[in-house]
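In what follows, a structure is listed as structure tokens, so that the remarks can point back to it.
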Amino acid sequence: MDELNLHRAILNRANLSGSSLVKTNLRGAELKESNLSRANLTSALLMVSLFENSNLESSNLTKANLAGADFSHANLSNAILFKADVWNANFKSANLKGANMLCQRIEDANIEGALYDDSTIWPASFNPLEYGAIKT
1128 MDELNLHRAI LNRANLSGSS LVKTNLRGAE LKESNLSRAN LTSALLMVSL
1178 FENSNLESSN LTKANLAGAD FSHANLSNAI LFKADVWNAN FKSANLKGAN
1228 MLCQRIEDAN IEGALYDDST IWPASFNPLE YGAIKT
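Numbering-wise (this note's numbering), the sequence shown opens with residue 1128 and increments by one.
Structure (structure tokens):
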């Protein structure tokens, strides 16, 4: 399903576990309570998309554009967000345990109440506690 145009698609509660969605346009899409565990979303366009309460465990979001996306209460444990643009993204109360958070503009994302652990990777100069994340 690589490079599909799913702009504004309504995919709430969809099971996309293990899907390859490389360079897919999901801008403004609704994926609330969806299962995207182990999905490959490398370089996907996810601006202002809704992933509330979704499972993105072990998903690959490398170089994805997540600007303005809502991941509140989502499971992003062990997800890879390397070089993803997270400007104005909402990770409030998300599970970020074991995630690679070496993303762009992390200081402009909301991580209040997000859970992380010793295996979560942050940029060297970024202190998640100062932004309201909770270490478990």
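Quick reminder that beta carbons are idealized off the backbone N, C-alpha and C, glycines included.
Beta-carbon gap between residue i and residue j smaller than 8 Å
| i | j | result |
| --- | --- | --- |
| Ser1186 | Ser1170 | no |
| Ile1233 | Ala1260 | no |
| Ala1241 | Phe1209 | no |
| Ala1226 | Leu1203 | yes |
| Glu1160 | Asn1180 | yes |
| Leu1148 | Ser1176 | no |
| Asn1162 | Asn1132 | no |
| Asp1212 | Leu1188 | no |
Per-residue burial, residue i [other beta carbons within 10 Å of its own, 16 or more giving buried]
| i | result |
| --- | --- |
| Ala1251 | exposed |
| Asn1167 | buried |
| Glu1130 | exposed |
| Leu1223 | buried |
| Asn1205 | buried |
| Thr1151 | buried |
| Thr1247 | buried |
| Glu1257 | exposed |
| Asp1245 | exposed |
Assigned secondary structure, residue i (DSSP; H/G/I helix, E/B strand, else coil)
| i | result |
| --- | --- |
| Glu1234 | helix |
| Leu1177 | strand |
| Leu1183 | coil |
| Leu1172 | strand |
| Glu1130 | coil |
| Glu1160 | coil |
| Leu1143 | coil |
| Leu1256 | helix |
| Leu1242 | strand |
| Asn1215 | coil |
| Lys1262 | strand |
Nearest-angstrom Cβ-Cβ length linking residue i and residue j, presumed shorter than 8 Å
| i | j | result |
| --- | --- | --- |
| Trp1249 | Met1228 | 5 Å |
| Ala1221 | Ala1201 | 5 Å |
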